[in-house]
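Comments concern the structure below.
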Amino acid sequence: MAWINKDDRLPQRAGGRGLTIGVCRLSTFLQFLLLSVCGERLSGWRSSEPRLKLTYSDLVLNKRIIPLAFNASNLHSMILDEDGRRLYASAKDYILTCNLDNISQGVKKLYWPALSERIEQCKMAGKNLNLDCANFLRVLHFYNQTHLYVCGTGAFHPRCAYIDTSIFSRDEQLVLHQEQTECGKGKCPYDPQQRIASAMIDGELYAGISSDFMSRDVAFFRSLGRRHVIRTEQYDSKWLQDPRFVKVHANAESNNEEDDKVYLFFTERAQEADGGNGKVIYSRVARVCKNDIGGQRSLVNKWSTFLKARLVCSIQSSEGIQTHFDELQDIFVLRGRDEKNPRIFGVFTTSSNILNGSAVCVYQMEDIVMAFKGQFSHKEGPDYKWVPYPGRVPFPRPGTCPSSTYGNYRSTRQYPDEAIFFIRTHPLMHHSVYPINQQPVLVRVGVDYKFTRIVVDRAEAVDGQYDVMFVGTDTGVVLKSIYVSKPNQQVEQIILEELEIFQDKSPITSMNLSRKRHWLYLGSKSGLAQVSFYQCDLYGKGCAECCLARDPYCTWNGKSCSRYVQTTHRRHAREVSRNGDPLTQCFDQGGVTHTGAEEKVVFVIEGNATYLECLPKSRHVTVRWLLESNDGRLQEVTLGDQIIPIEQGLLIRQIDRRDAGVYHCEIEDHGFRWTLVKVQLLVVSANQLGNLYEGDIRAGGPIKERSLPNVTRGVHPWYKDIMALINYPSKMDFYCERVWQRDLKKKRNKLRLNKNHRNAESNGRKRMLGGGGGGGGGRRNKNKDHSKYVRSPRSIQ
Numbered sequence: 001m002a003w004i005n006k007d008d009r010l011p012q013r014a015g016g017r018g019l020t021i022g023v024c025r026l027s028t029f030l031q032f033l034l035l036s037v038c039g040e041r042l043s044g045w046r047s048s049e050p051r052l053k054l055t056y057s058d059l060v061l062n063k064r065i066i067p068l069a070f071n072a073s074n075l076h077s078m079i080l081d082e083d084g085r086r087l088y089a090s091a092k093d094y095i096l097t098c099n100l101d102n103i104s105q106g107v108k109k110l111y112w113p114a115l116s117e118r119i120e121q122c123k124m125a126g127k128n129l130n131l132d133c134a135n136f137l138r139v140l141h142f143y144n145q146t147h148l149y150v151c152g153t154g155a156f157h158p159r160c161a162y163i164d165t166s167i168f169s170r171d172e173q174l175v176l177h178q179e180q181t182e183c184g185k186g187k188c189p190y191d192p193q194q195r196i197a198s199a200m201i202d203g204e205l206y207a208g209i210s211s212d213f214m215s216r217d218v219a220f221f222r223s224l225g226r227r228h229v230i231r232t233e234q235y236d237s238k239w240l241q242d243p244r245f246v247k248v249h250a251n252a253e254s255n256n257e258e259d260d261k262v263y264l265f266f267t268e269r270a271q272e273a274d275g276g277n278g279k280v281i282y283s284r285v286a287r288v289c290k291n292d293i294g295g296q297r298s299l300v301n302k303w304s305t306f307l308k309a310r311l312v313c314s315i316q317s318s319e320g321i322q323t324h325f326d327e328l329q330d331i332f333v334l335r336g337r338d339e340k341n342p343r344i345f346g347v348f349t350t351s352s353n354i355l356n357g358s359a360v361c362v363y364q365m366e367d368i369v370m371a372f373k374g375q376f377s378h379k380e381g382p383d384y385k386w387v388p389y390p391g392r393v394p395f396p397r398p399g400t401c402p403s404s405t406y407g408n409y410r411s412t413r414q415y416p417d418e419a420i421f422f423i424r425t426h427p428l429m430h431h432s433v434y435p436i437n438q439q440p441v442l443v444r445v446g447v448d449y450k451f452t453r454i455v456v457d458r459a460e461a462v463d464g465q466y467d468v469m470f471v472g473t474d475t476g477v478v479l480k481s482i483y484v485s486k487p488n489q490q491v492e493q494i495i496l497e498e499l500e501i502f503q504d505k506s507p508i509t510s511m512n513l514s515r516k517r518h519w520l521y522l523g524s525k526s527g528l529a530q531v532s533f534y535q536c537d538l539y540g541k542g543c544a545e546c547c548l549a550r551d552p553y554c555t556w557n558g559k560s561c562s563r564y565v566q567t568t569h570r571r572h573a574r575e576v577s578r579n580g581d582p583l584t585q586c587f588d589q590g591g592v593t594h595t596g597a598e599e600k601v602v603f604v605i606e607g608n609a610t611y612l613e614c615l616p617k618s619r620h621v622t623v624r625w626l627l628e629s630n631d632g633r634l635q636e637v638t639l640g641d642q643i644i645p646i647e648q649g650l651l652i653r654q655i656d657r658r659d660a661g662v663y664h665c666e667i668e669d670h671g672f673r674w675t676l677v678k679v680q681l682l683v684v685s686a687n688q689l690g691n692l693y694e695g696d697i698r699a700g701g702p703i704k705e706r707s708l709p710n711v712t713r714g715v716h717p718w719y720k721d722i723m724a725l726i727n728y729p730s731k732m733d734f735y736c737e738r739v740w741q742r743d744l745k746k747k748r749n750k751l752r753l754n755k756n757h758r759n760a761e762s763n764g765r766k767r768m769l770g771g772g773g774g775g776g777g778g779r780r781n782k783n784k785d786h787s788k789y790v791r792s793p794r795s796i797q
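Per full-length UniProt numbering, the sequence shown starts with residue 1, numbered consecutively.
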């Protein structure tokens, strides 16, 4: 984590604002104090709580999740075949495939273990049998329409294979043998613990991996295809210093294919930070040309267009101090109408163990391109600072792709030695890449989890497009979030849902999504899960609740909160995301913005305690309790030691008769208020209730309803409601038994009268027909009524 002084400014980049870079050197104790203060000052970021928080049980109950239990130890990645309706996932010793519409169906597994002799050699080298000495599949891509290209560590002996997807239609047990594989060096790491990134681009594999047994030679490779294998410079800390690769992405910058680039996202120890001691972690974006084949005399079979720049993701306190999220965890590229300028969503975490935080920053590809067109970073010697390169930059400009656009250079091997030498010694750009609006679109600080993965869907809502982010965490939870850009470069972050995907809290290691099917696919060591993008009815039954949710997938259709379909021109569709104002959005619904308040009656014995339950669905609301006076006016309940607000409602200790009345649970959301629950609290003294029981016992007759004071006629107390609050359970048991016996006696008398009446009518008819005294006319009815007598239901709940 870097601390920035607001008085030290960066030179302004094109179209950007000056940002701070001065790093304060603090003692450990002082840094701890400042981090603590920073945590308090950043508390405003924590206010963005999810509107709905759903557990795994909630998801199952609402049929929103489809789990697939699978011993997917070290599940690494998954890819989707939308046309073939199949999902493929790579794990330890297995390739798994299943139905894309329902992952619990059509499950097939291909077993690909490491050779037994390789496992023994791995164990002899001191490696762990379960964590190291197996075939951990780390590379999984579609090679073409019929084959997969898969690579595994092979117990520290990497192997790769082309796999025909048609074999998964066979019924037999599927096993991949050694003779069907090829050497995986330069394509897959030896060590399964090493983070890698790879992509199949035009039949060639681009991969950032460690390429030796000891994981010392870490490089960015291009292999397969007809061209020679090419890589980054070996053991040169100016190029890469202990990198941790995250993502590989190809992007076209112009209509000329010769200008196409491949981007690499990673983290590394930064030489330019903190005096160059290499302890500070920076996030980076690097790029190479797709048609790069290396130099002629220098950088032979090495990238001759490799450049890198820093990715910045930070938040600023009120004092101007920047808190950086320096460790990049995942990248998702969202393409729009302009395919040359996609949005880059990055998941970042803090590198400090003192302040636990995560953030999502969004970048434009054109800003990344602009950084690579800027100045090169230069350091004259060990005692010098990093500054923009002051000399003349050679031609063609280092990092430029050979094409007809830039003279007669048709290949990187034709580049002058001066240009090759310059890029070999100056791969770092001086200016960093900053996110849109100079700040994150989602921040979580001081929570018990960190972000791990992200996928993004662009949703069409009533009022426009929204980027819906699904962010995975290291506790098996997924956050569904959107952001709204405000004036003055401000961003409003809105967390719609928090979904518990895996009950054992296992970290989410892989995520993918199907925009066509609106399904989210997630993987962890516990297995796979398939989750729907939305479930609109969970937000509530009223227009106000639907609008306040601000979920771009949902809209109010005049009757319910339902999925918004762009092609359907529904007359009553309401805008829900941009401002979420129910007063304007639901006004023409006849003023019915929400459902009526739920009404309850609670009995309590004087001197006991009780709580009045109020459970709003949304976690964004503010709850306020009001007491209705005799004249119908509402007064806010005075809170204190006697009346305490709790998460589930209102706790009242040592009930007094003056506490009786009608309590209104009023909730407020974005300035909109309505009553959710009305609770009528009825207080009965213990002496009155005791005298009531004793009088009824002595009389031996039924208990009269008039004996309970202040009880509305027709409202019957329920056994469990009173049992939870009374200090005389034996009296209450006897009382309830007397009530049930009274009801039972009345029903039996009624049945006996009905039976006698039916028998009299039957005998009369038989006498009229002359059939009296014969056959079954005088036979007793053996068909008894076996129906169970139901207890009196609650009149109001």
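Note that the Cβ used here is the ideal one computed from N, Cα and C, for glycine as well.
Quick caveat, the model's predicted, so the values are computed rather than measured.
- Between the C-alpha atoms of Gly106 and Ile201 there is a straight-line separation of about 29 Å.
- Of all C-beta pairs linking the segment 356-366 to the segment 389-402, fewer than three are shorter than 8 Å, placing the two stretches out of contact.
- In this structure, the CA atom of Leu538 is about 11 Å from the CA atom of Asp551.
- DSSP places Phe220 outside any alpha helix (DSSP H); the residue lies instead in the beta strand (DSSP E), whose first and last residues are Val218 to Ser223.
- Bounds of any beta strand (DSSP E) do not take in Ile196, whose DSSP letter is neither H nor E.
- Secondary structure at Thr412: helix, using DSSP grouped into helix, strand and coil.
- Three or more Cβ pairs drawn from the segment 320-329 and the segment 345-353 lie within less than 8 Å of each other, which places the two stretches in contact.
- Within 10 angstroms of the beta-carbon of Met429 lie 16 or more other beta-carbons, which makes it buried.
- In chain order, Thr97 and Phe168 place their CB closer than 6 Å to the CB of Lys108, counting only its own chain and leaving out the 5 sequence neighbours on each side.
- For Val262, the closest C-alpha among the options Lys238, Asp274 and Ser198 is that of Ser198.
- Within the same chain, Thr146 and His147 come within 7 Å of Asp164 by CB-CB distance, once the 5 residues on both sides are set aside.
- Around Gly476, the same chain offers Glu500, Ile501, Phe502, Gln503, Asp504, Lys505, Ser506, Pro507, Ile508, Ser524 and Ser526 as residues with beta carbons nearer than 8 Å, after the five sequence neighbours per side are excluded.
- The DSSP assignment places 261-269 as complete runs of the beta strand (DSSP E) inside the segment 249-284, in order along the chain (cut-off: 3 residues).
- Non-local beta-carbon contacts of Gln375 in its own chain, meaning distances under 8 Å to residues more than five positions away in sequence, involve Pro388, Tyr389, Met429, His430 and His431 in chain order.
- Using a Cβ distance threshold of 8 Å, Ile119 and Gln530 do not count as a contacting pair.
- Exposed is the label assigned to Gly446, since fewer than 16 other Cβ atoms lie within 10 Å of its Cβ.
- Sixteen is the threshold: since fewer than 16 other Cβ atoms of the shown chains lie within 10 Å of the Cβ of Tyr111, the residue is exposed.
- Thr610 and Asp641 have their C-alpha atoms spaced approximately 14 Å apart.
- Runs of the alpha helix (DSSP H) spanning 4 or more residues and lying entirely within the segment 63-130 occur at 116-124, in chain order.
- By the Cβ rule, the segment 171-184 does not count as touching the segment 218-234, because fewer than three pairs are nearer than 8 Å.
- Look at Leu548 here: in three-state DSSP terms it is helix.
- Between Glu49 and His620, the CB-CB gap stays under 8 Å.
- Rounded to the nearest whole angstrom, the C-alpha separation of Gly154 and Ile420 is 37 Å.
- Contact check between the segment 470-489 and the segment 72-88: fewer than three CB pairs, one atom from each, fall below 8 Å, which does not count as touching.
- Apart from sequence neighbours up to five positions away, the residues of its chain that approach His249 with a beta-carbon distance below 6 Å are Tyr263 and Val333, ordered along the chain.
- Taking Gly399 as the centre and dropping the five residues before and after it, the same chain places the C-beta of Thr305, Leu307, Phe372 and Ile423 closer than 7 Å to its C-beta, in chain order.
- Secondary structure remark: continuous alpha helix (DSSP H) runs of at least 4 residues inside the UniProt domain "Ig-like" (582-669), in chain order: 582-585.
- With 16 or more other CB atoms across the displayed protein chains lying within 10 angstroms of its CB, Ala309 is buried.
- Nearest in C-alpha terms to Pro645, of all of Leu615, Arg633, Asp631 and Asn62, is Leu615.
- Looking from the CA of Tyr534, the closest CA among Leu627, Tyr553, Met214 and Met370 belongs to Tyr553.
- A distance below 8 Å between beta-carbons, with the five flanking residues on each side excluded, links Ser377 to the following residues of its chain, in chain order: Glu272, Trp386, Val387, Pro388, Tyr389, His426, Leu428, Met429 and His430.
- For Arg424, the enclosing alpha helix (DSSP H) has its first and last residue at Asp417 to Thr425.
- Judged by their CB atoms, Lys279 and Arg287 are not nearer to each other than the 8 Å cut-off.
- Using a C-beta cut-off of 8 Å, the segment 452-461 makes no contact with the segment 538-549, since fewer than three inter-stretch Cβ pairs fall below that distance.
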